[in-house]
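>
Numbering (our numbering), first residue to last: 45 to 236.
What follows is the structure, given as C-alpha cells:
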C-alpha cells in the first residue's frame with residue numbers, strides 16, 4: 045500500500061512538472077480532475093481492488109503526459125510514462141494496462157463529453173450532420189448522438205494534420221476509431 049501511495053505521489057509530481065505550464069484545457073489541474081472523476085466512477089462501479097484502483101488512478105493522472113499536441117515534433121511520446129511506470133516498480137501487466145488505457149482515452153473522451161451533455165449514445169434515426177460549417181457544428185440545439193460525433197468531426201481530423209508526424213499519428217488513431225465504431229455497430233445490430 046505504501047508503494048502505491050508513493051507511486052501516486054510521484055505521478056502527481058510528474059504531472060505538475062510536465063503539465064504545469066500548459067493551457068488550462070490540459071494543465072496539471074485537468075489531470076487531477078480526471079483522476080478524481082475516474083476514481084469516483086470506479087467507486088460507483090464497485091471497483092475495490094487496490095491493484096485495479098492504482099491502475100485507474102495512474103492512467104487518469106498520466107493520460108496527457110507525452111500527448112502529441114504538446115511535444116516538440118508533434119508525435120506522441122509514451123516513453124516518459126513507460127519509463128516512469130518502470131521506475132515505480134509496477135508489474136508488467138500493470139504497466140501495459142495503463143499504457144493501453146491512455147492510448148484509448150480519445151474514444152472515452154467522446155463518450156464522457158456526450159454523457160455530460162445528455163446526448164443519446166446512438167439512435168439510427170438521427171443521422172450524422174454533413175458538410176458542417178464551424179457555426180453549424182457548434183449549433184447544439186439539434187438532437188445529437190455520441191456515435192455521430194465520430195462522423196461529424198473525429199473521422200475528419202486525420203485529413204487536417206499538417207506535419208508528417210501528425211499525419212502518421214492521426215492515421216493510427218483514425219484506424220482505432222474506425223475499428224471501434226464498426227464493432228459498435230455490430231454490437232448495436234446484434235450481429236457481433
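C-beta atoms are modelled at their ideal positions from N, C-alpha and C, and glycine is treated no differently.
These numbers were taken from a predicted model, which means no experiment stands behind them.
Can you give, in chain order, each stretch of the beta strand (DSSP E) that sits fully within the stretch 136 to 198 and has at least 3 residues?
Those beta strand (DSSP E) runs which fall completely within the stretch 136 to 198 and span 3+ residues do not exist here.
> In terms of residue numbering, what span does the alpha helix (DSSP H) encompassing residue 99 cover?
Residue 99 -> alpha helix (DSSP H) spans 94 to 106.
> Using the rule of at least 16 other Cβ atoms within 10 Å of the residue's Cβ for burial, across every protein chain shown, is residue 81 buried or exposed?
Exposed: under 16 other Cβ atoms inside 10 Å.
> Consult DSSP for residue 63 and reduce its assignment to one of helix, strand or coil.
Helix.
> Alpha helix (DSSP H) containing residue 72: first to last residue?
That run of the alpha helix (DSSP H) goes 72 to 88.
> Under the assumption that residue 124 contacts residue 62 (Cβ atoms under 8 Å), give the Cβ distance between them as a whole number of angstroms.
Between residue 62 and residue 124 the Cβ distance is about 7 Å, and since that is below 8 Å, they are a contact.
> Locate the alpha helix (DSSP H) running through residue 217, then write down its first and last residues.
Note, residue 217: alpha helix (DSSP H), 208 to 233.
> State yes or no: is the beta carbon of residue 191 nearer than 8 Å to at least one beta carbon in chain D?
Checking the listed chains, one finds no chain D in this structure; it contains a single protein chain.
> What is the DSSP secondary structure of residue 58, reduced to helix, strand or coil?
Residue 58 falls in the helix class under three-state DSSP.
> What does the Cβ neighbour count give for residue 101, buried or exposed, with the cut at 16 atoms within 10 Å?
Label assigned to residue 101: buried.
> Given this structure, state the Cα-to-Cα distance separating residue 146 from residue 231, to the nearest angstrom.
Each residue's alpha carbon lies about 24 Å from the other.
> Look up residue 203 in the DSSP assignment and say whether it is helix, strand or coil.
Of the three classes helix, strand and coil, the one that applies to residue 203 here is helix, per DSSP.
> Below 8 Å on the Cβ atoms is my contact criterion, and I expect residue 176 with residue 196 to pass it. Report the Cβ-Cβ distance as a whole number of Å.
Correct: roughly 6 Å between the Cβ atoms.
> Are the beta-carbon atoms of residue 72 and residue 64 separated by less than 8 Å?
In contact: residue 72 and residue 64 (Cβ atoms closer than 8 Å).
> Distance check for residue 47 and residue 204, CA to CA, integer angstroms please.
Answer to the nearest angstrom: the Cα atoms are 43 Å apart.
> Do residue 75 and residue 105 come within 8 Å of each other at the CB atom, strictly closer than that value?
Result yes, Cβ atoms of residue 105 and residue 75 sit closer than 8 Å.
> Classify residue 124 as helix, strand or coil using the three-state DSSP reduction.
In this structure, residue 124 counts as helix in the three-state DSSP scheme.
> What's the call for residue 207, buried or exposed, on a 16-neighbour Cβ count within 10 Å?
Counting Cβ neighbours within 10 Å, residue 207 comes out exposed, since fewer than 16 surround it.
> Should residue 66 be listed as close to the ligand GTP, given that the test is whether its C-beta is under 7 Å from any heavy atom?
In the structure on display, the ligand GTP does not appear, and there are no ligands present to speak of.
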